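Novice: Input: one structure, supplied below.
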Amino acid sequence: MVRHITTGIDGSAESLAAAHWAAREALRRGIPLNLVHAWTWHPRPAPYVPADRTERDWAEQTLDRAAGSVRAAHPGLRVVERLVADSAVAALLAAAEDEELLVLGSRGLSGVAGFMVGSVSQRVVARSPRPLVLVRAGESAADEHFTTPDGVSPEEIPRTPYRDVVLGLDTRRPSDELIGFAFESARRCGATLHVIHAFGTPRVQPADGPWDPVTGPELIAAQEHAMVATLRPWCEKFPEVSVVETVSEERPATALVRASSGASLVVVGRRTRDSHLGTHIGAVTHAVLHHVGCPVAVVPHD
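With positions in the sequence shown counted from 1, the corresponding number in our numbering is that position plus 79.
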C-alpha cells in the first residue's frame, strides 16, 4: 500500500502553511499528499458560512482553495482531496493510522516564537499513532534554508543549504523510532543533524547538609560517552549525515528552544504508554511546542 503524507485543512493561514510544508516534504519523500477537511452538520450553520451556502458547500470550497494553492506551487506533486463528515480530531486520527506522516497547522504566539496549541492539535498530538509535525502560520520554504543573499530568486532557494535538524535525545531511554526519524529527515534535505542530550543537574543530598548539585568533568564525560555509544550505529547507517553532538546540564526544553532558533526542524518524542490520567504529550515536548518557532516533529514511541 502506498503511504501518503496527510495534512488537515480548515481554511486558516496556519493550515495552508502546513499544507505547503507537507507538500515540500511529500516531494522530498516521493509520495502523494492527502488534504483532509473535516466538517459536521449543525442545525444552525457557523457564523463564517455565507447565508447562501450550505456547510458542505463551504467545506468543499475551503478544500478546493487549499488544493489549488498547493497544486499551483508544487505542480509535480500528486494531491488527493478528502472531505470527511466527522469531527476534526476523529478524522485526523483515522487518517494517521495508514499514513507516513501527519502535518497540522498551529497559530504562532503573538510577539514570541512558538505555537498556540489548540484543543484539536493537542488531542491529535497526544494520540496520533504516527509521527506528526506542527507548522506555525507564516512558515515558508525560505525558512527551511540558511539566509540567502539579496537578489536571489525564489527558484534558487531550494539550492541553498538547509538549516539544521535538531534532535532531543535522552540517552537513558533512546528510541529507534525517534532517532531514525531525525536521521532520515536530515538525510533527505542534506542538513546537519544537531543532537542534544540535556540532562539537567542531578542533585544528591548529603546526610548533614543541604542539596548540592552533582557536577564536574567526570559527569559530563560520562554523558558524552553515552551519547557517542547511542549514536554510533546510526552514524554508521547514515554516513552521509553530518552530526553535531551537544551535551548540556541545562533543562532539556531550555536547550532545545535555544538550538531551534537556527533550525529547520526540531524532533522530539512522545511515549505512547498511557497513564492513569490518559494519554499525554510530556513536559519537555509540551514546552517545545509552546516555545519553538520552527516546525516541530513529535514521534510516538514505546
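Just so you know, even glycine gets a beta-carbon here, dropped at the ideal spot from N, CA and C.
The structure displayed is predicted, hence computed values, not measured ones.
1. Tell me the DSSP secondary structure of H99 in three-state form.
2. With a threshold of 8 Å on Cβ separation, who are the neighbours of V323 within its own chain once the five nearest residues in sequence on each side are excluded?
3. Consult DSSP for G109 and reduce its assignment to one of helix, strand or coil.
4. Secondary structure at V274, three-state DSSP: helix, strand or coil?
5. Determine the DSSP secondary structure at S327, reduced to helix, strand or coil.
6. So which of V212, V371, T239 has the shortest CA-CA distance to A101?
7. Could you work out which residue in T325, E256, G341, H116 is closest to Q140 when comparing CA atoms only?
8. Is it buried or exposed for T133, if we count other Cβ within 10 angstroms and need 16 for buried?
9. For I258, which residues in the same chain have their Cβ closer than 6 Å to its Cβ, ignoring the five residues on either side in sequence?
10. Taking contact to mean 3 or more Cβ pairs, one atom from each stretch, closer than 8 Å, check whether the segment 298 to 309 and the segment 336 to 353 are in contact.
11. Is the beta carbon of R202 less than 8 Å from the beta carbon of A175?
12. Per DSSP, what kind of secondary structure is R282 in: helix, strand or coil?
13. Buried or exposed, going by whether 16 or more other CB atoms sit within 10 Å of the CB of A138?
14. Measure the C-alpha to C-alpha separation of G87 and I299 and round it to an integer number of angstroms.
15. Go ahead and label P379 buried or exposed: buried means 16 or more other beta carbons lie within 10 angstroms of its beta carbon, across all protein chains shown.
16. Taking only heavy atoms of the ligand FMN into account, decide whether any of them is closer than 7 Å to the Cβ of N113.
17. Taking the alpha-carbon of V245 as reference, which of N113, S91, L368, V347 has the nearest alpha-carbon?
18. Can you tell me the Cβ-Cβ gap for A342 and R215, rounded? I've got them flagged as a contact below 8 Å.
19. Can you grab the Cα-Cα spacing for the pair A277 / P331, in whole Å?
Specialist: The relevant details are as follows:
1. Taking the sequence shown and counting its residues from 1, one reaches residue 99 at position 20. If DSSP states are grouped into helix, strand and coil, H99 belongs with the helices.
2. Looking up residue 323 in the sequence shown gives position 244. Only D243, T271, L272, H273, V274 meet the Cβ criterion.
3. Reading the sequence shown from its first residue, position 30 is the one you call residue 109. Correct three-state label for G109: coil.
4. Along the sequence shown, read from residue 1 onward, the residue named residue 274 stands at position 195. Looking at V274 - three-state DSSP - the assignment turns out to be strand.
5. Residue 327 sits at position 248 when you count from the first residue of the sequence shown. Three-state result, S327: strand.
6. Your numbering for residue 101 matches position 22 in the sequence shown. Out of V212, V371, T239, V212 has the C-alpha closest to the C-alpha of A101.
7. What you label residue 140 is simply residue 61 of the sequence shown in a count that begins at 1. Comparing Cα-Cα distances from Q140 to each of T325, E256, G341, H116, the minimum goes to H116.
8. Walking along the sequence shown from the start, residue 133 turns up at place 54. Flag for T133 reads exposed.
9. Taking the sequence shown and counting its residues from 1, the one referred to as residue 258 is at position 179. So the qualifying residues of the chain are W313.
10. These segments do not touch.
11. By 1-based counting over the sequence shown, the position of residue 202 is 123. By 1-based counting over the sequence shown, the position of residue 175 is 96. No, Cβ-Cβ distance for R202 and A175 is not below 8 Å.
12. Start at 1 with the first residue of the sequence shown, and residue 282 comes out as number 203. Since pLDDT at R282 reaches only 49, below the 50 mark, its modelled position is unreliable, and no value is offered.
13. For the purposes of this step, residue 138 is taken as the residue at position 59 of the sequence shown. The residue is buried, with at least 16 neighbouring Cβ atoms inside 10 Å.
14. Taking the first residue of the sequence shown as 1, we reach residue 87 at position 8. Taking the first residue of the sequence shown as 1, we reach residue 299 at position 220. Straight-line Cα distance between these residues: approximately 43 Å.
15. In the sequence shown, counting from the first residue as 1, residue 379 sits at position 300. Answer is buried; the Cβ neighbour count reaches 16.
16. Absent from the structure shown: the ligand FMN. Ligands present: none.
17. Locating residue 245 in the sequence shown gives position 166, counting from the first residue. If we check each option's Cα against that of V245, V347 comes out closest.
18. Position 263 of the sequence shown, counting from 1, holds the residue named residue 342. Position 136 of the sequence shown, counting from 1, holds the residue named residue 215. The Cβ separation is near 13 Å, so there is no contact.
19. As a working mapping, residue 277 is identified with position 198 in the sequence shown. As a working mapping, residue 331 is identified with position 252 in the sequence shown. Approximately 5 Å between the Cα atoms of the pair.
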